[in-house]
Every structure is written in C-alpha cells, then in structure tokens.
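Numbering (our numbering), first residue to last: 1 to 398.
What follows is the structure, given as structure tokens:
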C-alpha cells in the first residue's frame, strides 16, 4: 500500500511588513502638518506685506534712489551673494522642493506598477499566494503613502522658498530704502544750506527704526518657521526609515539566504539645511556654550581663557565663485574676533582680562578647491599676525 499524501498543510505566515507598526497613519499625520502650513510663524499671509507703500509720497527723492539700489542688490555680485547669505537663496530651496516632487512622482509610478503585477496574479489561488498578495498589497500601500510623504516635504520646501523670497525682498527693500533716505537727507541738507538738516535727520532716524523693527520681525519669523519645518521633516524621514526597515526583514537575498539587512541611513548633511538653521546646528556640534545672541563669540573656555567664534561657509555657494569674496568674508570674521574686548549678555559676562587666546573655527563642506585652500592658508597667516593674534581653524563637516 502506497503512502497517503500529506493532507495537512503547514501554517502560512499571514502577517505583513507593516502589521502593527502604524507607519502609514503616522506618516499621514506628519505629512498633513507640513502641507497645511501651520508651521509658518504668523501664517503665510504675514509674509506678503508690501513694504512701505507710501514711501514715494513721503520721500520721492529717497524712493527713486532706493529703486536703483534695490536693483543693484538683486542683480550685481558680490552684493547679490551677500544678500543670499543673509536671508537665504529661495531658488536653491525651490530646487530642493522640486527634487522631492520628483521622488514623489517616481514612487507613485512604482506603486502603480506593483498594483498591476498583483492584478496579473489574481487568478492564482492558495494560502501561499494569498499571503504573497497580502504582503505585496501592503507594499503597494506603503509606496503610495511614501509618495504622499515626499509630496508633503516638497510642498513644505516650496512654502519655505516662498517665505525665504519674501524675507529676502523685504530686507533688500529695507536696506535700499535706508540708504536712499540717507542720500536724500544729504541732498536736502545741502540744498537748504543746512536749514533742513534737523528735519532730514529726524526723517531718516524714524525710517531706520521702523524698517529695522519690521525686518527683525520677519527674520525672526523665518528662523522659527524653518526650525519647525525641519522638525516635521525629520519626523517624516523617521517614518520612511521605519517602513524601509520593516520591509528589509521580508526581502530575501539573491542567494536565498537570510533577509537583506537594512543599511544605516547616511547622516544628513549640515549643508542641506537653510543657512540660518545650519549655523545653529554647526555651532551646537562644535560645542557652542554661550547664549545664542552673544556678541561675536560662540564658545568660551574659562580653563584656557580662550574665546572662539564659530562660523560656517558653504564654499559651493555662488557667492564664493567670485574672486575675493571668500577672503573678504574671512577677513571680516577674523577682525571681529581680534577686536572682541568682552561683552555681557543674558547673564553671561566675559571681560577682556579673561581672554588669553582667540580662535575662529570655520566649518566648510567637503570638496574644497585648491584656490580656496590657498585663501585659507593666507588668511591663517593674516590672523596669526594680528595683535592680539587669532588662530584660524578650518573644519570640514559632512
């Protein structure tokens, strides 16, 4: 008598990679928080303010001069580059936004293709095929969700680009307006042989105070908004990583052995951050220990009596493609450290007698050119030759 066939089937694993993780729901929550724009300080509409619309009627000469200066700040280097360093490059942020939209489109297409492959296997039956379909359907859901998450980050970056552009324009018009008012006051004073000087000075003083307050509010709102967006984006990237790690456990290697292990996620580059938040991140990484707005100095070592200023320079920025800009920027930083004679701020006090050594630490991205290295070498000699001397330290950061 022949052996009877095996009638009892082995248990079939019906769990899927995302079972019990809740990553789709978590991702949807964070994506919605990014897309609705609530992270923008004061709301997006707050950045659409028209700056000093009545200026032409109040000060026609100053306004006409400021129009010309505004054009110069927007179009001519190195002033254009300096403005971008101060307020951020909206075009660069928009490029990041488009990159994430491209990622979203790719993920959407991948999800569609996976759904199509499942449809083609719909006529196959059995417990194993049911488990296969459940796992792949879960993957299709996760990929579609990932596309939505990428879209959300892209949308957030586009909103960020808009407010960076708004603050850039407001700051540009304020600087041009202030200089225009000063020149106008000088013309008025000369034309009236000094009689109009008091009124002209009062007008300039009032305008500088008003514009400084306006620009300060918008810059503060920009920094806070970008900080909130950065936090939400990090949460969403963590959801990406959780989903990827879950699926990695279910993907066999080509040899049919153990599952493929998820590779560690590369550390996010400091140079992908907005210049405002990048400076704060690098300062924290390099041990900044003074209040955020402490003048000139970011770290004080009482044991060695060393004051250190921490700066970051993105050598790949367009600004530093112009000859002389890097040297000018380093000279400015070195001179400030050399001229620091102590300060008191927010309960922290450093007296000049507390200082025996001065240092400037400059963080740069990988890929320094030979000409940029030569500039740093020259500036190190310049810093060492100052009285008091300053030690220039170049730090390459990822």
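Backbone N, C-alpha and C fix where the C-beta goes; we use that ideal spot for every residue, glycine too.
Can you list, in chain order, the residues of its chain with a C-beta nearer than 8 angstroms to that of residue 385? Leave out the 5 residues immediately preceding and following it. For residue 385, there are no CB contacts under 8 angstroms within the same chain when 5 residues up- and downstream are skipped.
Rounded separation between residue 283 and residue 365 - CA only: The alpha-carbon atoms of residue 283 and residue 365 are separated by roughly 15 angstroms.
What would DSSP say about residue 297, mapped onto helix, strand or coil? Taken through DSSP and simplified to helix, strand or coil, residue 297 comes out as coil.
Cβ-Cβ distance between residue 146 and residue 240 below 8 angstroms: In this structure, residue 240 lies closer than 8 angstroms to residue 146 by Cβ.
Touch test, the segment 317-329 against the segment 294-306, Cβ-Cβ under 8 angstroms, three pairs minimum: Judged by Cβ distances under 8 angstroms, the segment 317-329 makes no contact with the segment 294-306, as fewer than three pairs qualify.
Taking DSSP as the reference, what is the three-state secondary structure of residue 342? Of the three classes helix, strand and coil, the one that applies to residue 342 here is strand, per DSSP.
Helix, strand or coil for residue 223? Go by DSSP, reduced to three states. Looking at residue 223 - three-state DSSP - the assignment turns out to be helix.
Which residues does DSSP pair with residue 312 in a beta bridge? In the DSSP output, where bridge partners are listed per residue, residue 312 has 363.
Does the separation of the CB atoms of residue 309 and residue 337 fall below 8 angstroms? Yes, the pair counts as a contact, with Cβ atoms nearer than the cut-off.
If you count every other CB in all the chains shown that lies within 10 Å of the CB of residue 225, and 16 or more means buried, which is it? Burial call: buried.
Does the segment 277-293 come within contact of the segment 373-383, defined as at least 3 CB pairs closer than 8 angstroms? Contact between the segment 277-293 and the segment 373-383 is absent, because fewer than three Cβ pairs lie under 8 angstroms.
Please list the terminal residues of the continuous alpha helix (DSSP H) segment that includes residue 378. Counting along the chain, the unbroken alpha helix (DSSP H) around residue 378 starts and ends at 370-384.
Quick check on residue 307: does DSSP put it in helix, strand or coil? Assignment of residue 307 by DSSP, reduced to helix, strand and coil, places it in the strand class.
Express the C-alpha separation of residue 104 and residue 295 in angstroms, rounding to a whole number. For residue 295 and residue 104, the gap between their C-alpha atoms comes out near 43 angstroms.
Which of the three DSSP states, helix, strand or coil, is assigned to residue 355? Residue 355 falls in the coil class under three-state DSSP.
In angstroms with no decimal places, state the Cα-to-Cα distance between residue 362 and residue 164. Between the alpha carbons of residue 362 and residue 164 lies a distance of about 25 angstroms.
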